Amino acid sequence: MSARLAQTTGAEHTAILGLGVYRPARVVTNDEVAGPINSSDEWIRTRSGIKTRRFASDEETIQSMSVAAARGALEAARIEVDQVDCVIVATSTHLLLTPAAGPRIATELGMNGAAAFDVSAGCAGFCHGLALASDLVRAGTAKNVLVIGVEKLTDTVNPTDRSTAFLFADGAGAVIVGPADEPGIGPTVWGSDGTQHHAIRQDKDWIEYFKELEEKGLDAVRPYLAMEGTAVFRWAAHSLEKVCRDAIDRAGLSTDDLDAMIPHQANGRIIEIMARVLKLPENCALANDIEETGNTSAASIPLAMESLLRKGESKPGDTALLIAFGAGLSYAAQVVKLPNWV
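Written as structure tokens, this is what we have:
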């Protein structure tokens with residue numbers, strides 16, 4: 003008779019226990035980014051809804067921003083570092099192929115021995131990390147999980163590129179996911195569409211760049227983030243309603259049960275369209291952090307969540323729909339109960 007493997011069991015329910023964020027100190031106006039792209043404050047506001055954004059300094063790194071946000075999440079959740087046994091970092095701008103950012107972040111926080119790894123799912127990365135964390139806790143693989151969404155997009159954007167320079171910015175948000183008495187994180191609806199991989203991409207791979215260096219020397223042009231804005235807009239505007247409705251349905255709710263909607267802060271016009279097609283109730287708060295923060299990719303959902311809570315437009319315990327989409331193209335959505343925050 004073959005040996006029987008033991009199985010672990012975890013919590014019946016999970017929730018986001020605490021939220022923390024880090025916003026870089028430097029506030030950048032539209033006027034500052036408009037010159038190199040021959041644009042204007044009015045054009046940027048009309049096209050994107052952005053008024054200001056945050057750019058990180060050389061000292062504000064992926065690691066330092068993540069650690070600051072994580073400490074806030076731990077404080078809000080009233081969880082000690084030794085109670086966290088897994089760290090998931092969602093980012094596309096940790097510019098080392100190896101090692102991942104996660105282990106160094108965990109170690110700086112004092113979580114020696116915790117599992118730690120990175121997730122690369124573009125702007126949908128935080129919602130992917132949230133799904134993984136919830137499943138890990140429910141399976142008994144982890145007791146409490148730290149999920150971080152962090153980006154330093156200013157390291158990847160060409161300041162003269164009219165399609166990206168005004169959109170992207172920097173920041174970090176973190177949550178603690180752990181066991182709960184009642185369901186606090188609904189089922190995740192996620193997926194990808196590789197036929198649209200060209201819509202948001204690095205414009206050349208590193209092998210191409212190395213060959214160019216050999217041929218052109220200092221005239222070689224480094225890789226940058228590139229985006230086909232029209233393609234992304236059309237895809238998001240026409241494909242995400244079903245994802246949102248599926249997430250709400252799988253949570254056993256209707257749109258009337260939502261207190262808030264927190265979409266990825268990609269573009270103000272996309273946010274407006276999504277709210278309109280879903281016919282959200284009048285009392286449903288709609289996150290619009292893009293006005294002050296820009297598009298921070300994997301960091302945008304937790305940053306927008308904190309903004310709603312800080313401004314009093316939502317409160318801990320409210321029911322919120324999260325929906326994120328981006329490079330891949332990848333997407334993920336889930337309904338959650340909003341956490342405590344600092």
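Per our numbering, the very first residue in the sequence shown carries number 3; after that it's consecutive.
Each residue gets a CB set at the ideal place from its N, CA and C atoms; glycine is no exception.
The structure presented is a predicted model; accordingly, all values stated were derived computationally and were not measured.
Out of the options, state which residue places its alpha-carbon closest to the alpha-carbon of residue i.
i, options, result
"glycine 270", "Asn32, Val35, Arg6 and Ile46", "Ile46"
"valine 279", "Arg312, Asp259, Lys244 and Thr190", "Lys244"
"valine 223", "Val121, Pro318, Glu82 and Lys213", "Lys213"
"alanine 334", "Pro304, Ser41, Ala249 and Leu97", "Ala249"
"histidine 130", "Pro101, Ile90 and Asn114", "Ile90"
"alanine 117", "Leu148, Leu97, Ser41 and Ser59", "Leu148"
"leucine 155", "Ser165, Asn146 and Leu169", "Leu169"
Helix or strand or just coil, what does DSSP make of residue i?
i, result
"leucine 21", "strand"
"histidine 96", "coil"
"histidine 15", "strand"
"cysteine 286", "coil"
"valine 29", "strand"
"glutamine 65", "helix"
"tyrosine 226", "coil"
"arginine 315", "The amino acid at residue 315 is misidentified as arginine; the sequence shows glutamate. Note: glutamate 315 maps to coil in three-state DSSP."
Is the separation between the beta-carbon of residue i and that of residue j shorter than 8 angstroms?
i, j, result
"isoleucine 18", "alanine 71", "no"
"cysteine 125", "phenylalanine 327", "yes"
"alanine 329", "valine 152", "no"
"proline 38", "phenylalanine 57", "no"
"alanine 253", "methionine 263", "no"
"alanine 233", "alanine 268", "no"
"threonine 16", "valine 139", "yes"
"proline 265", "isoleucine 325", "yes"
"glutamine 204", "tryptophan 237", "no"
"aspartate 195", "leucine 331", "yes"
"leucine 62", "valine 344", "A small fix is needed here, since residue 62 is glutamate in this sequence, not leucine. Taking 8 angstroms as the Cβ cut-off, glutamate 62 and valine 344 do not qualify as a contacting pair."
"alanine 176", "serine 309", "no"
Taking 8 angstroms as the limit between beta carbons, can you name the residues of its chain near residue i, skipping five residues before and five after?
i, result
"glutamine 65", "Ala103, Arg106, Ile107 and Glu110"
"glutamate 293", "Gly51, Ile52, Lys53, Thr54 and Gly270"
"threonine 11", "Ala141 and Gly142"
To the nearest whole angstrom, what separates the beta carbons of residue i and residue j, a pair I think is in contact under 8 angstroms?
i, j, result
"threonine 298", "glycine 173", "5 angstroms"
"glycine 74", "glycine 142", "About 27 angstroms; that fails the 8 angstroms criterion."
"alanine 79", "isoleucine 187", "Contact flag wrong, Cβ pair sits at about 14 angstroms."
"leucine 260", "threonine 190", "Rounded, the Cβ-Cβ distance is 17 angstroms, inconsistent with contact."
"isoleucine 273", "phenylalanine 128", "In fact, because the Cβ distance is near 16 angstroms, the residues do not count as touching under 8 angstroms."
"alanine 92", "alanine 123", "7 angstroms"
"cysteine 246", "leucine 340", "Not quite, the Cβ-Cβ distance comes to about 17 angstroms (not below 8 angstroms), so this is no contact."
Closer than 7 angstroms: is that where the CB of residue i sits relative to any heavy atom of the ligand GTP?
i, result
"alanine 262", "Absence of the ligand GTP from the depicted structure is noted, as is the absence of any ligand whatsoever, leaving it without description."
Leaving aside the five residues before and after residue i along the sequence, list all residues of the same chain whose C-beta is less than 7 angstroms from its C-beta, in chain order.
i, result
"arginine 55", "Val30, Ala171, Thr295 and Gly296"
"threonine 158", "Thr95, Tyr226 and Leu227"
"methionine 113", "Val83, Val86 and Val89"
State yes or no: is the beta carbon of residue i nearer than 8 angstroms to at least one beta carbon in chain D?
i, result
"leucine 220", "Of the protein chains in the structure, only one exists, and it is not chain D."
Near residue i, which residues of its chain fall below 6 angstroms by C-beta distance, leaving aside the five closest residues on each side in sequence?
i, result
"leucine 311", "Trp343"
"proline 161", "Pro38 and Ala167"
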